[in-house]
Ligand SMILES: Nc1ncnc2c1ncn2[C@@H]1O[C@H](COP(=O)(O)OP(=O)(O)OP(=O)(O)O)[C@@H](O)[C@H]1O
Ligand SMILES: [Mg+2]
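Chains as they are written, first to last, in our numbering: chain D, 420 to 684; chain A, 52 to 332.
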């Protein structure tokens, strides 16, 4: 669990850390969308270059990113492999039943592999350099227009922030319950799949009850501290645009332009 | 001049679908600046009382009256009255709303629509008052129970309330954490002129109060100074409380023929007195 670095924040001081979470969220979404514009060697090279620049701008060691990719490497390879054996067209290198390796397939699978890799890298840049709380605040700010459609954006954002706050607490709780069940002789690593799944019932049930208790207590505590869901609230974490965000968004606009120019029409 | 910050008259409350009222005809007053301990066995209605004072529950009938700072608590003024009250609950985790210490202190300020540009200063000041200034960016999962309760106190003092209610706020802490938090509350009480209502099972904590309110089966069974109450061993035993260490020792000494003067109520004074006693012999 501790190896999984997707969604984990690591404190640092690279330029990416100075950027506003709204800008970073936008840039991430832009990148994920425009990476589909790439369709030849030139455009993939440009996109990869930009992606590497973003990684470098975090000033985090490359090792951190490799760790982030590792759990997903099989998924990426599998997708690329499917692409490889099912794409037809071009020169045929190898053929067996419905499977074939062709020059188109080879190129396509490399492209898919790169696209996947870049999307993961860029999302990792976002989550490594932005606290979950800031991501929630950024989302809230970006989704504000939805308020006019009567979507309770602020309430949803608060729920998200509280959920994030309670993840470690419930993790601790889970460990406590598991230890309590172990002392009663439950073995979580023994037996077949069904037996193991069964062993988790005595964890899930107390955990569920505990979360309900927490929710009840918390709602009373929030009311006692003056929370009213229909009243305007001021914000401690106000978001500020800076010149770093100009660089950030400018960078992705430039990338979009380059991809449009160099892609195969 | 002392007035009553809180006046409660004839308070009766029954939970939905319950036959027995959880509180029945409870009346008492909290003089401004005083410290009142509420003691009583489990289920005697102590927590229910704190919820009613904050308008989180409502009494059965119009004949019950709760006055805070001279104003009668109604559903119309509950939000403004609530701004004058801060509650620290028993479980440190289940009242910690923010993802970091500073965010949690900010929560109450945000709810009052406090100007954002003044928030940082208020938060730093409140954290310094509870000696948590070095933890502003820390996540709650990295704090001890006592530290979380101190953050809860910072969140309350940042709002400058008049009444501080503690519902067994130290019950889940280890002895050292408990002593620290109690010492801190005494300090905050002086610095911010707080009136304190503290629900507790801890006799040593109750002994610090100016007055003690004893609840039993939803009724006020006794009121008085800690010295009064703890000199009634039968009453104390019937509540399942152990008398505070000093009082207990004094009573046992008295039983052995050593009368300790009544004005000695602190452990250190008693130690000094006993040392002096043995050296004069
Ligand atoms: N939500 C509820 N619904 C129904 N009955 C309740 C509810 N909460 C408490 N009660 C009942 O009301 C009575 C008083 O409860 P309360 O929690 O005020 O006691 P307490 O003195 O705080 O006890 P403890 O020392 O255990 O905290 C108890 O009989 C309890 O069972
Ligand atoms: Mg209680």
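Positions of the beta carbon are idealized from the N, C-alpha and C atoms, including for glycine.
Item: Contact test: residue 346 of chain A Cβ vs ligand 2 heavy atom, cutoff 7 Å; Value: Any property of residue 346 of chain A remains undetermined from this structure, which presents chain A solely from 52 to 332.
Item: DSSP-derived helix/strand/coil call for residue 145 of chain A; Value: helix
Item: Proximal residues to residue 129 of chain A (C-beta, below 6 Å), its chain only, five neighbours per side dropped; Value: 106
Item: CB contact below 8 Å: residue 190 of chain A versus chain D; Value: yes
Item: Pick from D:526, D:523, D:660 and D:505 that is closest to residue 516 of chain D, judged by C-alpha positions; Value: D:505
Item: Inter-stretch contact (C-beta, 8 Å, three-pair minimum) for the region 106 to 121 of chain A and the region 172 to 190 of chain A; Value: no
Item: Neighbour flag for residue 621 of chain D against chain A, beta carbons, 8 Å; Value: no
Item: Residue from A:281, A:317, A:168 and A:178 whose Cα sits closest to the Cα of residue 155 of chain A; Value: A:178
Item: Any chain A beta carbon closer than 8 Å to residue 420 of chain D; Value: Only weak support exists for where residue 420 of chain D lies, its pLDDT of 39 falling under 50; the coordinates are left without a value.
Item: Residue-chain proximity (residue 310 of chain A, chain D), Cβ-Cβ < 8 Å; Value: no
Item: Chain D contact for residue 148 of chain A (CB, 8 Å cutoff); Value: yes
Item: Within the region 86 to 130 of chain A, ranges of the beta strand (DSSP E) (whole runs, at least 3 residues); Value: 86 to 90 and 116 to 119
Item: Residue 29 of chain A, DSSP secondary structure in three states; Value: Outside the modelled stretch of chain A, which goes from 52 to 332, sits residue 29 of chain A, for which no answer is possible.
Item: Residue of D:673, D:485, D:675 and D:428 minimising C-alpha distance to residue 549 of chain D; Value: D:428
Item: Chain D contact for residue 157 of chain A (CB, 8 Å cutoff); Value: yes
Item: Chain-order list of residues whose beta-carbon lies under 6 Å from that of residue 439 of chain D (same chain, five-residue window excluded); Value: 658, 660 and 664
Item: C-alpha gap between residue 423 of chain D and residue 486 of chain D, whole angstroms; Value: The pLDDT assigned to residue 423 of chain D is 49, lower than 50, so where the model puts this residue is not dependable; a value taken from the coordinates is nonetheless given after this. Roughly 8 Å separates the two Cα atoms.
Item: Whole-angstrom C-beta distance between residue 248 of chain A and residue 216 of chain A, which should lie under 8 Å; Value: 5 Å
Item: C-beta contact flag for residue 192 of chain A and residue 591 of chain D at 8 Å; Value: yes
Item: Near-chain D residues of the region 121 to 136 of chain A (beta-carbon distance less than 9 Å), N- to C-terminal order; Value: 130, 133, 134 and 136
Item: For residue 274 of chain A and residue 283 of chain A, believed in contact at Cβ under 8 Å, the rounded distance; Value: The pair is not a contact, with the Cβ atoms about 12 Å apart (cut-off 8 Å).
Item: Own chain partners of residue 458 of chain D with C-beta closer than 7 Å, once the 5 adjacent residues on each side are dropped; Value: 682 and 683
Item: Local conformation of residue 134 of chain A per DSSP, three classes; Value: coil
Item: Residue 249 of chain A - containing beta strand (DSSP E), residue span; Value: 246 to 250
Item: Heavy atom of ligand 1 within 7 Å of residue 95 of chain A beta-carbon; Value: yes
Item: Reduced DSSP category for residue 422 of chain D - H, G, I as helix; E, B as strand; rest coil; Value: Residue confidence is low: residue 422 of chain D scores 44 on pLDDT, short of 50, so the model does not pin down where it sits. No coordinate-derived value is stated.
Item: 8 Å CB neighbourhood of residue 554 of chain D in its chain, flanking five on each side removed; Value: 440, 444, 545 and 546
Item: Those residues which DSSP pairs with residue 262 of chain A across a bridge; Value: A:87
Item: Residue 531 of chain D and residue 502 of chain D closer than 8 Å at C-beta; Value: yes
Item: Cβ contact (3+ pairs, closer than 8 Å) linking the region 142 to 152 of chain A and the region 201 to 210 of chain A; Value: yes
Item: Buried or exposed by the 16-neighbour rule on C-beta atoms within 10 Å, applied to residue 567 of chain D; Value: exposed
Item: Pair within 8 Å by beta-carbon distance, residue 508 of chain D and residue 484 of chain D; Value: no
Item: Pairwise C-alpha distance: residue 80 of chain A and residue 144 of chain A; Value: 31 Å
Item: Within-8 Å CB hit, residue 542 of chain D to chain A; Value: no
Item: 8 Å Cβ cutoff, residue 437 of chain D in contact with chain A; Value: no
Item: Run of the alpha helix (DSSP H) containing residue 528 of chain D, from where it starts to where it stops; Value: 522 to 548
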